[in-house]
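The opening residue of the sequence shown carries number 408 in this note's numbering; numbering runs sequentially from there.
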Amino acid sequence: MTSYVNESQMASSKPIPERSLRTTSVILIVDDDHNGREILAALLRPYHYELLFASDGYQALAMAQVHTPDVILLDVMMPGMDGYEVCQQLRSIPITAEMPVVLITALDDRDSRLQGLRSGADDFISKPVDAMELQVRVRTITRLNRYRLLVDERRRAEQIALQAAAELTHAYDRTLEGWVRALALRDVETEAHSQRVTALTIQLAEQIGYPQERMTHLWRGALLHDIGKIGIPDAILLKPGKLTDGEMDVIRKHPEYAYNLLYPIAYLHPVLNIPYAHHERWDGSGYPRGLRGDAIPLEARMFALVDVWDALCSDRPYRKAMSTAYAERELQDHAGILYDPELVPIFIQMMHQRKPTS
Ligand SMILES: [Fe+2]
Numbered sequence: 408m409t410s411y412v413n414e415s416q417m418a419s420s421k422p423i424p425e426r427s428l429r430t431t432s433v434i435l436i437v438d439d440d441h442n443g444r445e446i447l448a449a450l451l452r453p454y455h456y457e458l459l460f461a462s463d464g465y466q467a468l469a470m471a472q473v474h475t476p477d478v479i480l481l482d483v484m485m486p487g488m489d490g491y492e493v494c495q496q497l498r499s500i501p502i503t504a505e506m507p508v509v510l511i512t513a514l515d516d517r518d519s520r521l522q523g524l525r526s527g528a529d530d531f532i533s534k535p536v537d538a539m540e541l542q543v544r545v546r547t548i549t550r551l552n553r554y555r556l557l558v559d560e561r562r563r564a565e566q567i568a569l570q571a572a573a574e575l576t577h578a579y580d581r582t583l584e585g586w587v588r589a590l591a592l593r594d595v596e597t598e599a600h601s602q603r604v605t606a607l608t609i610q611l612a613e614q615i616g617y618p619q620e621r622m623t624h625l626w627r628g629a630l631l632h633d634i635g636k637i638g639i640p641d642a643i644l645l646k647p648g649k650l651t652d653g654e655m656d657v658i659r660k661h662p663e664y665a666y667n668l669l670y671p672i673a674y675l676h677p678v679l680n681i682p683y684a685h686h687e688r689w690d691g692s693g694y695p696r697g698l699r700g701d702a703i704p705l706e707a708r709m710f711a712l713v714d715v716w717d718a719l720c721s722d723r724p725y726r727k728a729m730s731t732a733y734a735e736r737e738l739q740d741h742a743g744i745l746y747d748p749e750l751v752p753i754f755i756q757m758m759h760q761r762k763p764t765s
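So this is what it looks like as structure tokens:
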């Protein structure tokens with residue numbers, strides 16, 4: 408009786424590596440007849456395949472699941488379980504369902520071949536086996552099989568990479584939201600304000616056809632717009648009364664603080680425009696750089712409108728919320744002075760079309 412495992416395995420006692428890690432193709436030869444197995448083995452040995460042997464259908468099914476060969480050469484006429492039944496069983500087991508199976512048969516009639524196809528066989532080789540035919544068939548199948556495995560492996564690797572990237576992005580964004588909450592805890596601004604201005608900025612960006620692939624950066628930038636206020640001392644930031652000129656100078660440093668905080672973090676480079684430039688004004692009267700007109704990044708020009716609108720339309724400790732009509736006039740009166748004159752009408756129209764939230 409032929410050995411259950413091949414000679415090289417017995418010598419090294421090493422398990423056959425997983426399919427995707429193999430450097431050579433593994434072939435399982437199934438034949439109840441010792442000579443039948445040896446004939447196939449002798450023809451294939453020169454090509455350096457890993458050869459495994461099974462002498463009946465039960466062994467074949469067990470070995471196929473354990474070793475996942477690249478191809479199975481399966482004799483049809485075997486006692487107990489014949490090749491057709493082995494093939495059917497292989498197709499019903501998930502791990503072997505797609506395994507290439509070549510039936511080795513002396514039966515050359517049409518009905519036998521049809522029965523083989525119905526059992527799920529991929530190919531046939533007639534007995535007596537022709538050396539060249541066997542080598543070409545096996546090589547073709549193992550190549551195709553390896554190619555498919557490579558493609559599957561690459562697809563799996565891509566999916567893993569995509570999932571890892573998505574998880575990382577999720578973790579980044581939850582971290583950013585944590586920063587905003589930390590800022591809100593200092594009573595600088597409410598979390599609700601941050602969420603509102605972020606949502607409005609995204610909506611305005613959609614109105615003007617802002618590139619979709621940059622929306623995430625825009626979202627992060629809007630969310631982090633005042634993150635620089637982390638660097639402002641409590642005595643100034645939380646001062647209930649009017650600020651002195653010196654204190655206002657300190658407040659005006661928050662965009663630069665934001666830049667210094669975010670710039671060393673590579674994935675936040677694309678979000679800097681809002682935190683760094685949201686207090687720049689169209690006529691150059693803003694800070695910190697006194698940028699003018701189109702020199703102000705578009706993201707910051709959009710955000711400036713949204714921020715002032717939300718500030719005017721919200722209750723403040725020292726005043727009640729203004730009407731939307733008042734906020735609208737404020738923007739119109741300062742279009743081309745403080746705010747981008749092209750964006751102002753688009754924003755106002757967008758707010759008109761917006762459904763009331765409560
Ligand atoms: Fe600010």
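C-beta: ideal position from N, C-alpha, C; glycine also. Only a predicted model underlies this, so the values are computations on that prediction, with no experimental measurement involved.
DSSP places VAL483 in no beta strand (DSSP E); its state is neither H nor E.
Burial check for ALA538: the Cβ neighbour count within 10 Å stays below 16, so the residue is exposed.
With a contact defined as Cβ atoms closer than 8 Å, ALA591 and PHE710 miss out at about 18 Å. For the pair VAL657 and ALA564, the Cα-to-Cα distance works out to about 50 Å. For GLU457, the pairing in a beta bridge is given by DSSP as VAL433. Non-local C-beta neighbours of TYR491 in its own chain, meaning closer than 7 Å and more than five positions away in sequence, comprise VAL483, GLN522, GLY523, SER526, ordered along the chain. Distances between the C-beta of ASP633 and the heavy atoms of ligand 1 include at least one below 6 Å.
When secondary structure is reduced to three states using DSSP, ARG726 falls in the strand class. Counting only the Cα atoms, ASP559 lies some 42 Å from VAL587.
DSSP places ILE567 in no beta strand (DSSP E) but in the uninterrupted alpha helix (DSSP H) bounded by 538 to 592. The beta carbon of GLY443 sits closer than 7 Å to the beta carbons of ASP482 from its chain, once the five residues preceding and following it are set aside; these are given in chain order. Leaving aside the five residues that flank GLN542 on each side, the residues in its chain whose CB is nearer than 8 Å to its CB run, in chain order, LEU450, LEU451, TYR454. For the options PRO618, VAL437, MET758, MET729, the alpha carbon positioned closest to that of THR512 is the one of VAL437.
The stretch 682 to 693 makes contact with the stretch 622 to 639: 3 or more CB pairs, one atom from each, lie closer than 8 Å. Inter-residue distance for PRO640 and LYS646 is about 10 Å (C-alpha atoms, whole angstroms).
In this structure LEU468 touches VAL493 by the C-beta definition: roughly 7 Å separates them, less than 8 Å. A direct Cα-to-Cα measurement between LEU745 and GLN570 gives close to 44 Å.
Beyond the five residues adjoining it in sequence on each side, TYR456 comes within less than 8 Å, by CB distance, of THR431, SER432, VAL433, ILE434, VAL545, THR549 in the same chain, given in chain order. In this structure, DSSP gives ASP518 a helical state, which the three-state scheme calls helix. The residue among GLN496, ILE615, THR582, ALA504 with its C-alpha nearest the C-alpha of LEU705 is ILE615.
Residue ALA528 holds the alpha-carbon nearest to the alpha-carbon of SER499 among ALA528, LEU625, ASP477, TYR670. Shown here for PRO677: same chain residues with a beta carbon closer than 6 Å to its own, the five before and five after excluded, namely HIS624 in chain order. Nearest neighbour of VAL715 by Cα position, chosen from PRO501, THR605, ILE567, turns out to be THR605.
By the C-beta density criterion, ILE446 is buried, having at least 16 other C-beta atoms within 10 angstroms.
For ILE532, the secondary structure class from DSSP, reduced to helix, strand or coil, is strand. If you look at LEU510, you'll find it isn't in any alpha helix (DSSP H); it sits in the beta strand (DSSP E) that goes 508 to 512.
Each of LEU480, ARG621, GLY653, ARG603 was checked against the Cα of ALA448, and the nearest Cα belongs to LEU480. With respect to SER721, ALA728 sits close: the two C-beta atoms are nearer than 7 Å. If you draw a straight line from the Cα of PRO662 to the Cα of LEU669, it comes to about 11 Å. Around the Cβ of THR608, a 10 Å sphere holds 16 or more other Cβ atoms; the residue is buried. Restricting attention to alpha helix (DSSP H) runs no shorter than 4 residues, the stretch 645 to 725 encloses them at 652 to 658, 661 to 669, 680 to 684, 705 to 719, ordered along the chain.
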